[in-house]
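Same order as they appear, the protein sequences are chains A and B. Position in the first sequence (first residue = 1) + 11 = the numbering used here. Position in the second sequence (first residue = 1) + 11 = the numbering used here. We put the CB at the ideal spot given by N, CA and C, even for glycine. Notes follow once the structure below has been shown.
There are 2 protein chains.
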Amino acid sequence: MSLGEVEVAVSPQEKFREFLQTKGLRMTRERVTIVEQVFSSHEHFEAEQLIQQLADQNVSRSTVYRTLKHLEEAGLIRKVARQDARDVFEHDYGYPQHDHLICKKCGELIEFQQELIAQVLDEVARKHGFRMEGHRLEVYGMCDACCRPPKTRPKKLNLL
Amino acid sequence: MSLGEVEVAVSPQEKFREFLQTKGLRMTRERVTIVEQVFSSHEHFEAEQLIQQLADQNVSRSTVYRTLKHLEEAGLIRKVARQDARDVFEHDYGYPQHDHLICKKCGELIEFQQELIAQVLDEVARKHGFRMEGHRLEVYGMCDACCRPPKTRPKKLNLL
DNA sequence: TTAACTGCAAACGTTTTGCAGGCGG
DNA sequence: CCGCCTGCAAAACGTTTGCAGTTAA
Chain A
12 MSLGEVEVAV
22 SPQEKFREFL
32 QTKGLRMTRE
42 RVTIVEQVFS
52 SHEHFEAEQL
62 IQQLADQNVS
72 RSTVYRTLKH
82 LEEAGLIRKV
92 ARQDARDVFE
102 HDYGYPQHDH
112 LICKKCGELI
122 EFQQELIAQV
132 LDEVARKHGF
142 RMEGHRLEVY
152 GMCDACCRPP
162 KTRPKKLNLL
Chain B
12 MSLGEVEVAV
22 SPQEKFREFL
32 QTKGLRMTRE
42 RVTIVEQVFS
52 SHEHFEAEQL
62 IQQLADQNVS
72 RSTVYRTLKH
82 LEEAGLIRKV
92 ARQDARDVFE
102 HDYGYPQHDH
112 LICKKCGELI
122 EFQQELIAQV
132 LDEVARKHGF
142 RMEGHRLEVY
152 GMCDACCRPP
162 KTRPKKLNLL
């Protein structure tokens, strides 16, 4: 499934390097490592997670937080929700615009795309003379799996 | 229901008292005071604000936080956004469903109503077998006022 | 009476920052 | 060589909690 990716002309690494240059900042070993880890999968992630994964590569907590901030400013990632007291991030580069259904029970984030929403928001913004830069839409509730009573799902894994 | 008013049969105080009773909790002087303050205006507010306003009425920080949690559970208020690191609340009782434009510069929250959004979300949720309980939509950008650079008096456009 | 409530201060978990030394450009 | 970068530890932040005395019902 590694194929079929969106056509990103420039890799996240390159994109980040460009951003850093325009800001007079530098590409370091730590930053390369972080970008690598962040873009190694399309999963949502939290700072703490990243810190764990990078622990054996000698990247400190502070550097992770500092770099996440830069990545966000560079438009490579974005905060997508808050789970408990932690920020949840996801890719914002080479990834189509979408929003999330958030299960209050199991915490799962389900992505969905809905062209109409962006259109409606454009219209609303225009009406208010508001220069829209982005949005965050979190839909709360309970996911399909968590809705079903336990007894109807005896968890058969016949296909293993 | 009274003339012209929204159809709120019961006052926030009463509503809260009912909620507390069903939970085996009590209506105290502090809780009355807090509900009073919270519903004295329709403005958005933060915990810290409330704490300041209630300081001279001998309501402690802990009690404010604890009561906000109950008010939220009672459906009287809801978290509407995050500003910096703080939760922003607003009334959720006797107040129509709406979302917000949030100015990144001055922090202003502009409310808007858009029937279509709820409809779209209903549809999306159904498609995913998701039981929607609510949503939070924050639109980021810059408000009309902040978009115009010269603030107090429009200076002449002496282009350099 | 008795369980819930309160204020206080200490605790909490996440994120930020000051610092002294290290290194990219 | 300048000044951005790093790890560390400590601080900061909003929020929560343990406690012991207080109070609603």
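Amino acids of chain A, ordered along the chain, whose beta-carbon sits closer than 8 Å to that of residue i
i, result
"ILE128 of chain B", "ILE128 and VAL131"
"LEU82 of chain B", "Those within 8 Å of LEU82 of chain B in chain A number zero; the least Cβ separation is about 17 Å."
"HIS109 of chain B", "Here the premise fails: no neighbours, minimum Cβ distance about 11 Å."
"HIS146 of chain B", "LEU148, GLU149, VAL150 and TYR151"
Contact set between residue i and chain B, taken where Cβ atoms lie within less than 7 Å
i, result
"ASP155 of chain A", "HIS139, GLY140 and PHE141"
Residue i, DSSP secondary structure in three states
i, result
"LYS90 of chain B", "strand"
"TYR151 of chain A", "strand"
"LYS166 of chain B", "With a pLDDT of 48 at LYS166 of chain B, under the threshold of 50, the modelled position of that residue is not reliable, and the figure given next carries that caveat. DSSP places LYS166 of chain B in coil when its eight states are reduced to three."
"LEU112 of chain B", "strand"
"PHE123 of chain A", "strand"
"HIS55 of chain B", "coil"
"LEU14 of chain B", "Bear in mind that a pLDDT of 44 at LEU14 of chain B, under 50, signals an unreliable position, so the number given afterwards is only what the model happens to contain. DSSP places LEU14 of chain B in coil when its eight states are reduced to three."
"HIS139 of chain A", "coil"
"LEU171 of chain A", "Its pLDDT being 39, under 50, LEU171 of chain A is placed unreliably in this model, and the coordinates cannot settle the point."
"PRO160 of chain A", "coil"
"GLU144 of chain A", "strand"
"VAL21 of chain A", "coil"
"PHE30 of chain B", "helix"
Residue i: contacting residues in chain A (beta-carbon distance under 9 Å)
i, result
"ILE121 of chain B", "HIS139 and PHE141"
"TYR104 of chain B", "Within 9 Å Cβ-Cβ: nothing; TYR104 of chain B doesn't reach chain A, min ~18 Å."
"GLN125 of chain B", "VAL131, LEU132, GLU134 and VAL135"
Proximal chain A residues relative to residue i, where beta-carbon distance stays under 7 Å
i, result
"TYR76 of chain B", "By Cβ distance, chain A contributes nothing, its closest Cβ being about 14 Å from TYR76 of chain B, past 7 Å."
Whole-angstrom C-beta distance between residue j and residue i, which should lie under 8 Å
i, j, result
"GLU144 of chain B", "GLY105 of chain A", "Not a contact, Cβ separation roughly 32 Å."
"GLU149 of chain B", "ILE113 of chain B", "5 Å"
"HIS55 of chain B", "PHE100 of chain B", "7 Å"
"VAL49 of chain B", "LEU61 of chain B", "7 Å"
"GLU57 of chain A", "ASP98 of chain A", "7 Å"
"GLN68 of chain B", "THR44 of chain B", "5 Å"
"GLU47 of chain A", "VAL70 of chain A", "Actually they are not in contact, since the Cβ atoms of GLU47 of chain A and VAL70 of chain A sit about 11 Å apart, beyond 8 Å."
"LEU87 of chain B", "PRO23 of chain B", "6 Å"
"VAL135 of chain B", "GLN130 of chain A", "Between GLN130 of chain A and VAL135 of chain B the Cβ distance is about 15 Å, and since that is not below 8 Å, they are no contact."
"CYS158 of chain A", "ARG142 of chain B", "5 Å"
"ARG77 of chain B", "GLU83 of chain B", "That pair is no contact at about 11 Å."
Residue i: first and last residue of the uninterrupted beta strand (DSSP E) it sits in
i, result
"HIS102 of chain B", "97-102"
Partners in chain B for residue i, counting only beta-carbon separations shorter than 8 Å
i, result
"ALA136 of chain A", "LEU112, VAL150 and GLY152"
Chain-ordered neighbours of residue i on chain B, where CB pairs are closer than 9 Å
i, result
"CYS158 of chain A", "GLY140, PHE141 and ARG142"
Extent of the continuous alpha helix (DSSP H) run through residue i
i, result
"LYS34 of chain B", "No alpha helix (DSSP H) contains LYS34 of chain B, which DSSP labels as neither H nor E."
"VAL75 of chain A", "72-84"
Relative to chain A, which residues along the region 87-101 of chain B have a C-beta separation below 8 Å, given in chain order?
With the criterion set as a beta carbon lying under 8 Å from some beta carbon of chain A, the members of the region 87-101 of chain B are ARG93, in sequence order.
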